[in-house]
Amino acid sequence: MCTDSAVDEDAVTYIVTTTLAPAFAPSANVSHIKESATLAVASRARALKAAGREILDLGAGEPDFDTPEFIRRAAQKAIDSGATRYTATEGILPLRQAIAAQANADPAEVVVSTGSKQSLFNACFALFGPGDEVLVPTPSWTSYYEMVSLARAKAVPVHGHVTRGLKVTADELARAATSRTKGLMLNSPCNPTGSAYDTNELSEILDLAASKGWWVISDEIYQRIAYEYPAPSALSLMPDGSRDRLVLVNGVAKSFAMTGWRIGWAIAQRPVAAAMNALQSHTTSNPATPSQYAALAALTDTAAADAAIAHMVATFRERRDAAMTILDSAGVTYVRPDGAFYLYVRVGDGDAFATRLLDAHGVAVVPGSAFLTPEWVRLSYAAPTATVIEGVKRLTLLLKSPA
Ligand code: PLP
Numbered sequence: 000m001c002t003d004s005a006v007d008e009d010a011v012t013y014i015v016t017t018t019l020a021p022a023f024a025p026s027a028n029v030s031h032i033k034e035s036a037t038l039a040v041a042s043r044a045r046a047l048k049a050a051g052r053e054i055l056d057l058g059a060g061e062p063d064f065d066t067p068e069f070i071r072r073a074a075q076k077a078i079d080s081g082a083t084r085y086t087a088t089e090g091i092l093p094l095r096q097a098i099a100a101q102a103n104a105d106p107a108e109v110v111v112s113t114g115s116k117q118s119l120f121n122a123c124f125a126l127f128g129p130g131d132e133v134l135v136p137t138p139s140w141t142s143y144y145e146m147v148s149l150a151r152a153k154a155v156p157v158h159g160h161v162t163r164g165l166k167v168t169a170d171e172l173a174r175a176a177t178s179r180t181k182g183l184m185l186n187s188p189c190n191p192t193g194s195a196y197d198t199n200e201l202s203e204i205l206d207l208a209a210s211k212g213w214w215v216i217s218d219e220i221y222q223r224i225a226y227e228y229p230a231p232s233a234l235s236l237m238p239d240g241s242r243d244r245l246v247l248v249n250g251v252a253k254s255f256a257m258t259g260w261r262i263g264w265a266i267a268q269r270p271v272a273a274a275m276n277a278l279q280s281h282t283t284s285n286p287a288t289p290s291q292y293a294a295l296a297a298l299t300d301t302a303a304a305d306a307a308i309a310h311m312v313a314t315f316r317e318r319r320d321a322a323m324t325i326l327d328s329a330g331v332t333y334v335r336p337d338g339a340f341y342l343y344v345r346v347g348d349g350d351a352f353a354t355r356l357l358d359a360h361g362v363a364v365v366p367g368s369a370f371l372t373p374e375w376v377r378l379s380y381a382a383p384t385a386t387v388i389e390g391v392k393r394l395t396l397l398l399k400s401p402a
């Protein structure tokens, strides 16, 4: 078997092209998993770079900063003092205590995993199953649809309106629900749009979920990267008595520039945490031990962490504002981002546009078909300011040039 694999920088998708022996038929577990819609542009960008072409890469889904030094040092110290063995599956107690303290939870309600991606997968697998429907506000991160379907439940996309930054309302969710609706995936600030729900919008959605008895999985991985207002957490807005239906997911990847360390976590009522932990005990066991100590430093040295985050957010804000100025002056339709580091731009045919932008103008972006909204493209401003400005200028020129 010959395997050629690639991970797009977004960690949105894992792409494997395989020359298979003829007898192989994928099992029912994976046969429905769709290949990434980003494949064409991502692999073309790599090929162009390999051929010596200069590519402005606005496809990345990770901060372009190094992990702050105080975190790297903590990990080095941990390794030197022997933190190189297995830990409890759910993670070391001091880290779970630090996570729990931020959420006013109990450490027994916390499961630390290999990235928030695994936390989300654990949650979907523990909560949903055959016959269940799960509402997914759309556009949203592509892995939600696949995780729900790996749990053999049905993901039901609910499209948000452009006048509200592509966010959904409680009414829209209520209309998409059926008697089989079991849960709801929330992500605010959102990948790919950067939209964040304000307190009222989020409260209305959580009230609806509580009244229907739905599970809410709230992915708050971009929560600390917010520009307009602090992005509210579902934790503080869940109506009284319904908190046990919430699974809160977060991690260090985006806020602390720690994508490669692979630490995320879920906070849930004890039986749900126990089920996720049991699942994890048979798949990956504990997340990497040195990474747990790095995350512990990130969460407990709050002065250093706040300073590092403030610097990154200020830089993202500058780039966001520069990009919006260019888009505004050309009258381009896009979602004004409240958080994260993405701009979502309406271009017509996103796949064709992304291919042309890359081939003819050397700018890599992610087509919106990856997020079930094919009229759009996502660009990331987690790239040097000059690259962002030049890339957005070329995108705008192509968009405004006669076909
Ligand atoms: N959730 C969202 C919305 C993301 O965009 C990403 C990464 O792109 C993740 C989760 C995964 O993060 P992690 O690196 O912690 O697995």
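0 is the number of the first residue of the sequence shown in numbering that gives the first Met the number 0; add one for each residue after it. Beta carbons are placed, not taken as given, at the ideal position from N, Cα and C, and that holds for glycine. As the structure is a computational prediction, the values presented were derived from the model and not from experiment.
Is the beta carbon of residue i within less than 7 Å of some heavy atom of the ligand PLP?
i, result
"Gly250", "yes"
"Asn285", "no"
"Asp218", "yes"
"Ser115", "yes"
"Thr372", "no"
"Leu247", "no"
"Thr162", "no"
"Gly60", "yes"
"Leu119", "yes"
"Trp375", "no"
"Thr258", "yes"
"Trp213", "no"
"Asn190", "yes"
"Asn186", "yes"
For residue i and residue j, which I take to be in contact (beta-carbon distance under 8 Å), what is that distance rounded to the nearest angstrom?
i, j, result
"Gln279", "Thr88", "5 Å"
"Gly182", "Val133", "5 Å"
"His360", "Leu326", "That belief does not hold up - the Cβ atoms of His360 and Leu326 are roughly 16 Å apart, past 8 Å."
"Arg269", "Ala107", "6 Å"
"Ala252", "Ser115", "7 Å"
"Leu234", "Leu247", "5 Å"
"Val155", "Ala175", "6 Å"
Are residue i and residue j touching if we call contact CB-CB under 8 Å?
i, j, result
"Trp213", "Arg244", "yes"
"Leu371", "Thr180", "no"
"Gln291", "Ile91", "yes"
"Thr288", "Thr83", "yes"
"Ala339", "Gly130", "no"
"Gly349", "Val391", "no"
"Phe69", "Asp300", "yes"
"Ile220", "Asn249", "yes"
"Leu378", "Ala44", "no"
"Tyr341", "Pro191", "yes"
"Thr86", "Asn285", "yes"
"Ile224", "Ile98", "no"
"Leu185", "Ile216", "yes"
"Val167", "Val157", "yes"
"Gly330", "Glu374", "no"
"Met311", "Pro62", "yes"
"Gly128", "Ala100", "no"
"Ala209", "Pro67", "no"
"Leu55", "Thr386", "yes"
"Arg345", "Tyr226", "no"
"Met275", "Val109", "no"
Go to residue i, then tell me how far its alpha helix (DSSP H) extends in each direction, as first and last residue.
i, result
"Gly349", "Gly349 to His360"
"Ile266", "From DSSP, Ile266 is part of no alpha helix (DSSP H) but of the beta strand (DSSP E) over Gly263 to Ile266."
"Thr332", "It is not in any alpha helix (DSSP H) - Thr332 carries neither H nor E in the DSSP assignment."
"Ile388", "Thr384 to Lys399"
"Met184", "Run containing Met184: none in the alpha helix (DSSP H); it sits in the beta strand (DSSP E), Thr180 to Asn186."
"Tyr292", "Thr288 to Thr299"
"Arg174", "Ala169 to Ala175"
Report whether the distance from the Cβ of residue i to the nearest heavy atom of the ligand ATP is below 7 Å.
i, result
"Trp264", "By its list of ligands, the structure shown excludes the ligand ATP, since it contains just the ligand PLP."
So the beta strand (DSSP E) residue i belongs to, where does it begin and stop?
i, result
"Asp206", "Segment Thr198 to Lys211 is the alpha helix (DSSP H) holding Asp206; no beta strand (DSSP E) there."
"Leu278", "Premise fails: Leu278 lies in the alpha helix (DSSP H), Arg269 to Ser280, not in any beta strand (DSSP E)."
"Val376", "Trp375 to Ser379"
"Arg345", "Tyr341 to Arg345"
"Val215", "Trp214 to Asp218"
Beta-carbon of residue i versus every beta-carbon of chain B: anything under 8 Å?
i, result
"Arg319", "Note that chain B does not occur in the displayed structure, where there is just one protein chain."
Open item on the list: Restricting to runs no shorter than 4 residues, where is the alpha helix (DSSP H) found entirely within the segment 64-152?
Closed with: 68-79, 92-102, 115-126 and 141-149
Task: Completely contained alpha helix (DSSP H) runs for the segment 221-252, where each covers 4 or more residues - done: 233-236
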